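J.: One structure follows; several queries about it will come next.
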Amino acid sequence: MILFSLLFPLAAAATPEEKGLAIAREADLRDAGFIDFTADLLMILKNKHGQKSVRNIRVRTLEVADDGDKGLTIFDNPKDVKGTAFLTFSHKQGDDDQWLYLPALKRVKRISSRNKSGSFMGSEFAYEDISSQEVEKYTYKWIRDDIYDNRECFVVERYPGDKKNSGYTRQVSWIDKSEYRQWKVEYYDRKNSLLKTLTAKKYQQYLDKYWRADQMYMVNHQNGKSTDLVWSNYKFQVGLKVRDFNKNSLKRAR
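With the sequence shown counted from 1, adding 917 to any position gets you the working numbering.
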């Protein structure tokens, strides 16, 4: 029975909570081992009137054994944000470490865990949204099976372990059964009202294993704003090192 549980965790899951956790673990396992990657990112911010502002960004991510990923985000355009750099050390346990370099102030600002529900650079993504989503940071519950965009999906609810500082009471995800890709997420605020919805499109597979969405769309239902993320130029296993993710070098990030 123990061996059966290890080989077939979903089949062995007895409760909705166990099944939800098993789905989350399987999705995480399927993405493990990518080592590192770089990518280019176009961030398109829209206000409630449909007016747009566009930002060009570079992203670097390093997988860390037995802990969360390290990430570096560098803004190249427009001029008012050029040189801004964001560094995050995600952790499986405890608070993530995050720093933001603002060139106009010429200083590195540490992002407190109390502020992780705040907007990241004026977008509809919060600081907690752009951290590595470690399985251990949440509890889970399988809600039902569903069809989303002609795909058979698990619908899984997750609840933040850090209830005090998270901006969400829960998140509801649609995860396809074939590849465990996340296609849609609903975010519910501290009053348990629908706050935002994230949808992903145009997944591409890299190194015959790792799936990444080319497009992500976050809409805020309460303020009418939205943020589009358009990813391109993914490169995996480029040789990034821990020393490439150093808060003391944020000012010199290139």
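The beta carbon of each residue, even a glycine, is placed where N, CA and C say it ideally should be. These figures come from a predicted structure and were not determined experimentally.
Which of the three DSSP states is assigned to L923 in this structure?
T.: Caution applies to L923, whose pLDDT of 49 falls short of 50 and renders its modelled position unreliable; the value that the coordinates give is listed next. The answer is helix: DSSP assigns L923 an H, G or I state.
J.: Here's the rule I'm using: 16 or more other beta-carbon atoms within 10 Å means buried, otherwise exposed. How should I1092 be labelled?
T.: That one is buried.
J.: Closer than 8 Å is the cut-off here; do at least three beta carbon pairs connect the region 981-990 with the region 1000-1020?
T.: Yes, since at least three Cβ pairs between the region 981-990 and the region 1000-1020 fall closer than 8 Å, the two stretches touch.
J.: Alpha carbon to alpha carbon, what distance is there between I1047 and F1003?
T.: C-alpha separation (whole angstroms): 10 Å.
J.: To the nearest angstrom, report how far apart R972 and I961 are at their CA atoms.
T.: Whole-angstrom Cα-Cα distance: 6 Å.
J.: Using three-state DSSP, classify V1052 as helix, strand or coil.
T.: In the structure shown, V1052 sits in a helix (DSSP, three-state: H, G or I).
J.: Which ranges does the beta strand (DSSP E) cover as unbroken runs of at least 3 residues, wholly within the region 1049-1135, from first to last along the chain?
T.: You should have 1055-1065, 1068-1077, 1087-1093, 1099-1105, 1111-1123.
J.: Below 8 Å between beta carbons: does that hold for L979 and D957?
T.: Going by C-beta atoms, L979 is not nearer than 8 Å to D957.
J.: Could you please give me the residues that DSSP links to A1043 through a beta bridge?
T.: Answer is S1036.
J.: For F992 and F1042, I'd like the C-alpha separation in whole angstroms.
T.: Rounded to the nearest angstrom, the two C-alpha atoms are 15 Å apart.
J.: Report the rounded CA-to-CA distance for K1094 versus K963, giving the unit in angstroms.
T.: Approximately 33 Å, taken between the alpha carbons.
J.: So who's on the other strand from K987, going by DSSP bridges?
T.: Answer by DSSP bridge pairing, in chain order: L979, F1006.
J.: Report all residues from its chain with a CB closer than 6 Å to the CB of Q1099; omit the five preceding and five following residues, and keep chain order.
T.: Answer for Q1099: S1090, I1092, listed in chain order.
J.: Hey, quick one: how far does the beta strand (DSSP E) through D945 stretch, first residue to last?
T.: It is not in any beta strand (DSSP E) - D945 instead sits in the alpha helix (DSSP H) that spans 933-947.
J.: Using the Cα positions of R1169 and K969, report the straight-line distance between them to the nearest angstrom.
T.: Near 29 Å, if we compare the C-alpha coordinates of K969 and R1169.
J.: Identify which residue in D1063, T1056, I1060, K999 has its Cα closest to the Cα of M1038.
T.: Among D1063, T1056, I1060, K999, the Cα nearest to that of M1038 is on K999.
J.: According to the neighbour-count rule (16 or more other Cβ atoms, all chains shown, within 10 Å of its Cβ), is I1064 buried or exposed?
T.: Answer is exposed; the Cβ neighbour count stays below 16.
J.: CB-CB under 7 Å to L1167, same chain, minus the five flanking residues each way: which ones, in chain order?
T.: Excluding residues within five positions, the ones whose Cβ falls inside 7 Å are A1002, L1004, W1016, Y1018, V1025.
J.: How big is the Cα-Cα spacing for Q1139 and D1106?
T.: For Q1139 and D1106, the distance between alpha carbons rounds to 10 Å.
J.: Count the other CB atoms, across all protein chains shown, that sit within 10 Å of the CB of L989; report buried if there are 16 or more and exposed otherwise.
T.: The residue in question, L989, is buried, as its Cβ has 16 or more Cβ neighbours within 10 Å.
J.: What do you reckon, are the CB atoms on A862 and V1052 nearer than 8 Å?
T.: This structure leaves residue 862 out entirely; the chain is present only between 918 and 1171.
J.: Can you tell me whether V998 is helix, strand or coil according to DSSP?
T.: DSSP places V998 in coil when its eight states are reduced to three.
J.: I want to check one thing, is the minimum distance from the CB of R1160 to the heavy atoms of the ligand ZN below 7 Å?
T.: Ligands are entirely absent from the displayed structure, and the ligand ZN is therefore not among its contents.
J.: Where Y1097 and E935 are concerned, what is the direct C-alpha to C-alpha distance, given to the nearest angstrom?
T.: C-alpha separation (whole angstroms): 17 Å.
J.: Does the beta-carbon distance from E1074 to G937 come in below 8 Å?
T.: Yes. Within cutoff.
J.: Using a threshold of 8 Å, state whether the C-beta atoms of Y1104 and L1112 are closer than that.
T.: Yes. Within cutoff.
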